[in-house]
Amino acid sequence: MGYKVTLIPGDGIGPEISQATKMVLEATGVSFEWETALAGAEVMDRYGTPLPDAVLESIRKNRVALKGPITTPVGSGFRSVNVALRKELNLYACVRPCKTYPGVRSRYQDIDLVIIRENTEDLYAGVEFEQGQEDTLKLIQFIGQTKGVKIGEDSGISIKNISIKATERIVHYAFRYAREHNRRKVTIIHKANILKYSDGLFLKVGRQVAEQYPDIEVEDRIVDNICMQLVQKPHLYDVLVLPNLYGDIISDLGAGLVGGLGVAPGANIGDGVAVFEPTHGSAPKYKGMNKVNPMAMMLSGVMMLRYLKEQEVADRLEKAIAAVIREGKRVTYDLLPDLDMNKAASTIEVAEAVIEAMSSTG
Ligand code: NAD
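In the numbering used here, the protein residues as written are 12 to 373.
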């Protein structure tokens, strides 16, 4: 009997990279029983919702899922399936390792950072007041009366909420992660100088939690400053812990540091449940072309193997992916040094190259 894993292929490029990832995971020799669960724009017509209950039931049962990206149409009133999944399953920690592999096209070498993003609150909690609505006007009046601040009646408002409980949970997670992965330092990211009651609380609680981990160094940085620092001196940083929105933005910055979204994996973790997925989205313009890089999802598979305590197999798969990148001959367009499309491998050819590298290294 293998590991029971929910496989959500997603939409856009999701099904192609999921197929490639499934191929390499099966070639590791670890046995999986995949339970495929469909979600996203393409199942709307059939189920009337982009997130059918069966998807959540499957993850709740199996406790582990591997997920392709899912499109969130802009301004359609269609809530993000990705955000809904994180909320429904209380996947409060988003973990995004940013590591350079030799051979990747990047301005930097030897980067090894981990970004830990709070996933449940902040401006992502979905507490929004639409411009012109009655409730919005009431809120604007209330703010005027209680704070003496005049907000234009033609404004839309999004609420930024940060709680002690969610901050404690994510900062504990970051420090435990640091300990378990032999990391030396955690940097708390905030904008507490301006947002005193939300980010100020994140920083205060974060510092209190840090006292319980005297073996791990702690420091804090203002979010705008860390953007510059990461570009100028990324090697100074190790584990970063951030509120939701900054975590979203800095994750893409991190992906840029290590060679792009094609090699940036991720995981969303709750208590006893985890969903592994690449940082990138569904890149709809490349859908069905068999040309995008499956490595971010494969590396998310490596994270899943580690979560399942299959350390040795995870190391072997990661080494094989690294070998294919280093060799640079059978990689997708985004990893080519000269962007010569004629030399690009397809999504499935990358999977085949990784499988070959695994058998020759292992
Ligand atoms: P995106 O990450 O899908 O694509 C941006 C660009 O990055 C692409 O055009 C492509 O050039 C490049 N890219 C992305 N993945 C790649 C890969 N595997 N290989 C090679 N190049 C790759 O971002 P977007 O265009 O802003 O978003 C498209 C959709 O995806 C949106 O609907 C968005 O909401 C959704 N999205 C979903 C998730 C998720 O499922 N977790 C995450 C982010 C975005």
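All C-beta atoms in this analysis are idealised placements derived from N, C-alpha and C, irrespective of residue type, glycine included.
| Check | Outcome |
| --- | --- |
| So, A203 versus L214, is the Cβ gap smaller than 7 Å? | yes |
| Could you check the C-alpha separation between E141 and M315 for me, to the nearest Å? | 39 Å |
| If you draw a straight line from the alpha carbon of M369 to that of K330, how long is it in whole angstroms? | 8 Å |
| Going by DSSP, what residue range makes up the alpha helix (DSSP H) through A48? | Run containing A48: none; DSSP gives neither H nor E here. |
| Per the contact definition of three or more C-beta pairs closer than 8 Å, is the region 21-31 in contact with the region 42-57? | yes |
| Within the present structure, is the beta-carbon of A294 separated from the nearest heavy atom of the ligand NAD by less than 6 Å? | yes |
| Excluding the 5 residues flanking S169 on each side, which residues of the same chain have their C-beta closer than 6 Å to its C-beta? | L134, E139 |
| Which of helix, strand or coil does DSSP assign to V75? | strand |
| Could you check if L272 belongs to the surroundings of the ligand NAD, using beta carbon to heavy atom distance under 6 Å? | yes |
| Roughly how many angstroms lie between the CA atoms of N236 and Q243, to the nearest whole one? | 11 Å |
| Regarding D345 and the ligand NAD, is the C-beta to nearest heavy atom distance less than 6 Å? | yes |
| Would you kindly work out how many angstroms separate the C-alpha atoms of E27 and R90, rounded to a whole number? | 24 Å |
| Beta carbon of A185, beta carbon of V250: below 7 Å? | yes |
| Return the first residue and the last residue of the alpha helix (DSSP H) that K149 is part of. | 145-158 |
| Does any heavy atom of the ligand NAD sit closer than 6 Å to the C-beta of P80? | yes |
| In terms of residue numbering, what span does the beta strand (DSSP E) encompassing A307 cover? | It is not in any beta strand (DSSP E) - A307 instead sits in the alpha helix (DSSP H) that spans 306-318. |
| Over what stretch of residues does the alpha helix (DSSP H) that includes K98 continue unbroken? | 92-99 |
| Under the assumption that G312 contacts V35 (Cβ atoms under 8 Å), give the Cβ distance between them as a whole number of angstroms. | 7 Å |
| Using only the alpha-carbon positions, how far apart do V125 and V106 sit? | 7 Å |
| Locate the alpha helix (DSSP H) running through A325, then write down its first and last residues. | 322-338 |
| Is T83 near the ligand NAD - that is, is its Cβ less than 6 Å away from at least one heavy atom of it? | yes |
| Closest to T17 by CA distance: which of K176, V160, G163, F287 is it? | F287 |
| Would you list, in sequence order, the uninterrupted alpha helix (DSSP H) runs of no fewer than 4 residues that lie entirely inside the region 165-222? | 175-191, 210-221 |
| For G281, tell me which candidate among T131, R194, T60 has the shortest Cα-Cα distance. | T131 |
| Using DSSP with H/G/I as helix, E/B as strand and the rest coil, what is K110? | strand |
| Rounded to a whole number of angstroms, what is the C-alpha to C-alpha distance between D210 and D351? | 45 Å |
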